[in-house]
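Undergrad: Attaching a single structure in structure tokens format; questions to follow.
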Amino acid sequence: MKPGRGRPDHEAESFTVKADTIDKPKKFYRNAKHNGNRTEASGHVSVRIRKQKTERGSDPDFRPENGTVLIGGEKQKIVIEAKRIVKQGSDNGQEVASVSKDGRIFGKLRRRP
Numbered sequence: 119m120k121p122g123r124g125r126p127d128h129e130a131e132s133f134t135v136k137a138d139t140i141d142k143p144k145k146f147y148r149n150a151k152h153n154g155n156r157t158e159a160s161g162h163v164s165v166r167i168r169k170q171k172t173e174r175g176s177d178p179d180f181r182p183e184n185g186t187v188l189i190g191g192e193k194q195k196i197v198i199e200a201k202r203i204v205k206q207g208s209d210n211g212q213e214v215a216s217v218s219k220d221g222r223i224f225g226k227l228r229r230r231p
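First residue of the sequence shown? That's 119 in my numbering, and the numbers climb one at a time after it.
The following block contains the structure:
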């Protein structure tokens, strides 16, 4: 489940994740002052960006606009890292989690057409 320390594929301040399975978030050492949470989502993954970081001039694929929906394939797995990850329950048979405070997504997703 542990991704490399490389650059994430997507990044946002807060977003919602829906997937067939979302693992229980696990704490990890993020930087010198703060810990973070990491989880893995797999199967029909979709991510809705709620709030994007305020920095301007960044790549729209790396930091999509507010309201953008990113989707993955049927068997795709992604790793999510953030300061706060809260599992919300289920919606139409898929598990739902809200991610806030500097969320990072490791795993390439595409925009919903």
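The C-beta atom is built at its ideal place from N, Cα and C for all residues, glycine as well.
Could you check whether Ile167 and Asn155 sit closer than 8 angstroms to each other, using their CB atoms as the reference points?
TA: no
Undergrad: Quickly, what does DSSP pair Ser208 with across the bridge? List them, please.
TA: Glu213
Undergrad: What are the start and end residues of the beta strand (DSSP E) that includes Lys145?
TA: In the DSSP assignment, Lys145 falls within the unbroken beta strand (DSSP E) covering Lys144 to Tyr147.
Undergrad: Where does the unbroken beta strand (DSSP E) through Glu129 begin, and where does it stop?
TA: His128 to Ala137
Undergrad: In whole angstroms, give me the CA-to-CA distance for Pro126 and Val165.
TA: 15 angstroms
Undergrad: Is the number of C-beta pairs between the segment 133-143 and the segment 199-206 that are closer than 8 angstroms three or more?
TA: Put simply, the segment 133-143 touches the segment 199-206. At least three CB pairs are less than 8 angstroms apart.
Undergrad: How many Å lie between Tyr147 and Asn210 at the Cα?
TA: Roughly 34 angstroms between the two C-alpha positions.
Undergrad: In whole angstroms, what is the alpha-carbon distance linking Asn149 and Gly221?
TA: 14 angstroms
Undergrad: Please report the residue range of the beta strand (DSSP E) in which Gly154 lies.
TA: Asn153 to Ser160
Undergrad: Where does Asp141 fall in DSSP's three states?
TA: coil
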